[in-house]
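> Going by numbering that gives the first Met the number 0, 27 is the number at position 28 of the sequence shown; the sequence numbering is gapless. Ideal Cβ placement from N, Cα and C applies to all residues, glycine included. One structure is given below, represented as structure tokens, and several questions about it will come after.
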Amino acid sequence: MRAAIVGLGVIGRVHAEVLRAQGETLCAVCDTDAEKLKDFSAAKYGDYLRLLDEERPDVVHVCTPHYLHADMVTEALKRNIDVLCEKPLCISEKDIPRILEAEKHSAARLGVCHQNRYNAANAFVKEYLKDKQVRGAYATVVWRRDAAYYASGDWRGRRATEGGGVLINQALHTLDLLQWLVGEPEYVAANVSNLTLSDVIEVEDTAAAIFSGGAEFSLFATVGSAADFPVSVVLRTDAETITLLPDTVLINGKIEEFQRDGRAYGKGCYGTGHEKLIADFYDCMRTGRHFMLDGAEGAKVVKLILAAYASGGKRIKI
0 MRAAIVGLGV IGRVHAEVLR AQGETLCAVC DTDAEKLKDF SAAKYGDYLR
50 LLDEERPDVV HVCTPHYLHA DMVTEALKRN IDVLCEKPLC ISEKDIPRIL
100 EAEKHSAARL GVCHQNRYNA ANAFVKEYLK DKQVRGAYAT VVWRRDAAYY
150 ASGDWRGRRA TEGGGVLINQ ALHTLDLLQW LVGEPEYVAA NVSNLTLSDV
200 IEVEDTAAAI FSGGAEFSLF ATVGSAADFP VSVVLRTDAE TITLLPDTVL
250 INGKIEEFQR DGRAYGKGCY GTGHEKLIAD FYDCMRTGRH FMLDGAEGAK
300 VVKLILAAYA SGGKRIKI
């Protein structure tokens with residue numbers, strides 16, 4: 000497969016490393032920062048549309064800032080080029096239908112990079128719950144992101160370009176896991192606030208949300224912690240309490256054995272799922288098999304997050 004990557008920040012380089020390890024051909028890269036292009040031997044572009052039209056890759060990996068995703072995804076689909084988009088799929092409710100419409104009318108496929116579904120512990124719990132009813136769940140994301148982190152990209156911490164704060168960035172994967180494991184809720188009541196970074200960012204650093212109706216779960220997330228702590232998800236069935244940590248599963252306090260993951264690419268908080276997700280997406284391209292994280296699936300968590308932002312502390316329909 001001839002692949003292209005647009006956006007050569009931290010996550011774009013993770014995709015490049017995985018492609019190299021899997022023996023795929025990186026035919027072109029694109030970034031508006033010419034310095035970042037120097038690290039690659041592939042054809043270099045500063046303009047995304049020009050790359051699509053001149054290189055005609057089999058697949059393009061969209062690894063740019065959040066606000067660029069919707070347009071870049073739809074442009075690739077219009078050209079019948081498969082596209083794998085980093086999270087979030089988009090940051091606006093109005094972008095969801097136009098992305099799904101472009102996907103529907105394209106001969107290409109769309110995949111969304113919710114790689115934590117592929118982490119071994121998460122996949123084990125998904126299979127374990129197959130014949131069980133989850134009565135409720137909660138998750139915590141307690142991390143630290145300081146002023147230097149937000150200064151590393153001028154799009155970070157701004158509503159127009161990031162789409163929000165901790166909910167749409169750091170907590171998105173955990174919220175996706177909750178709805179994947181528990182089911183889709185009908186309502187949300189949420190509060191978001193900026194408790195520690197009000198002089199640094201214009202979006203929330205802390206959020207609390209309760210989702211209900213059909214599926215019941217809650218989430219607390221902050222990037223205002225003094226340090227990073229492991230993400231945790233706790234689920235209750237009729238007879239069990241299941242605790243899910245990054246590389247550990249406990250059922251009623253007993254550690255469960257499962258096949259551990261291999262190498263992690265990039266920052267530790269990314270987990271080990273990128274390699275498996277990208278391999279699965281490419282296998283779907285080659286075989287015609289359906290990829291589970293298509294546009295509709297990737298849009299689910301965006302809808303939850305946007306509803307949480309709209310809630311303002313009141314219970315509203317998603």
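Out of K131, Y47, Q258, which has the shortest C-alpha to C-alpha gap to D30?
Y47
> Once the 5 residues before and after G110 are set aside, which same chain residues still bring their CB inside 6 Å of it?
L83, F280, F290, L292
> Over what stretch of residues does the alpha helix (DSSP H) that includes K121 continue unbroken?
The residue asked about is misnamed: residue 121 is Asn in this sequence, not Lys. Note, N121: alpha helix (DSSP H), 119 to 127.
> The beta strand (DSSP E) with A189 in it runs from where to where?
186 to 192
> Quick test of the definition: if touching needs 3 or more C-beta pairs under 8 Å, does the segment 136 to 147 touch the segment 220 to 231?
Taking a contact to require three or more Cβ pairs closer than 8 Å, the segment 136 to 147 and the segment 220 to 231 qualify as touching.
> Going straight from the alpha carbon of E100 to that of A69, what length do you get?
Distance between the alpha carbons of E100 and A69: 12 Å.
> Roughly how many angstroms separate the alpha carbons of W154 and T160, rounded to a whole number?
5 Å
> Measure the alpha-carbon distance for A107 versus L218 and round it to whole angstroms.
35 Å
> Under DSSP, the beta strand (DSSP E) around D81 begins and ends at which residues?
81 to 85
> Which residues share a DSSP beta bridge with R337?
Any question about residue 337 goes unanswered here, given that the chain covers just 0 to 317.
> Nearest CA to the CA of G6: which residue from N118, M71, S91?
M71
> Could you tell me the alpha carbon to alpha carbon distance between K210 and D94, rounded to whole angstroms?
A small correction: the amino acid at residue 210 is Phe; Lys does not occupy that position in the sequence shown. Straight through space, the alpha carbons of D94 and F210 are spaced by roughly 23 Å.
> Can you tell me whether N319 is buried or exposed? The criterion is at least 16 other CB atoms within 10 Å of its CB, across all chains shown.
Here the chain comprises residues numbered 0 to 317, so residue 319 is not present and cannot be evaluated.
> Does DSSP put V222 in a helix, a strand or coil?
coil
> What's the gap between the Cα of S310 and the Cα of A206?
12 Å
> Taking its Cβ as the centre, do 16 or more other Cβ atoms sit within 10 Å of N251, making it buried, or is it exposed?
The C-beta of N251 has fewer than 16 other C-beta atoms within 10 Å across all chains shown, which makes the residue exposed.
> Between the Cα of V13 and those of P56, K131, H273, R97, spot the shortest distance and give me the residue it belongs to.
H273
> Given this structure, state the Cα-to-Cα distance separating E23 from R1, to the nearest angstrom.
7 Å
> Which word fits I98, buried or exposed, when buried means at least 16 other C-beta atoms lie within 10 angstroms of its C-beta?
It counts as buried.
> Quick check: the segment 184 to 199 against the segment 124 to 136, are there 3 or more CB pairs under 8 Å?
no
> Distance check for P64 and V222, CA to CA, integer angstroms please.
19 Å
> Is the beta carbon of P87 closer than 9 Å to that of V300?
yes
> Spell out the partners DSSP gives K302 in its beta bridges.
Paired residue(s): none; K302 is not in a bridge.
> Please name the residue in T173, E92, S151, G287 whose C-alpha comes closest to that of Y66.
Closest option to Y66, judged by alpha-carbon separation, among T173, E92, S151, G287: E92.
> DSSP three-state call for F280: helix, strand or coil?
helix
> Could you check where the beta strand (DSSP E) with V59 kicks off and where it finishes?
58 to 61
> Since T247 sits in a beta bridge, which residues does DSSP pair it with?
L244
> Would you decide whether T240 is buried or exposed? Buried here means 16 or more other CB atoms lie within 10 Å of its CB.
Residue environment analysis places T240 among the exposed positions, since fewer than 16 neighbouring C-beta atoms fall within 10 angstroms of its C-beta.
> Out of curiosity, what's the CA-to-CA distance linking V17 and T271?
11 Å
> So the beta strand (DSSP E) A3 belongs to, where does it begin and stop?
1 to 5
> Please determine, among A278, A220, A225, the residue with the shortest C-alpha to C-alpha distance to Q21.
A278
> Based on the DSSP secondary-structure assignment, which residues constitute the bridge partners of S217?
Y137, I209
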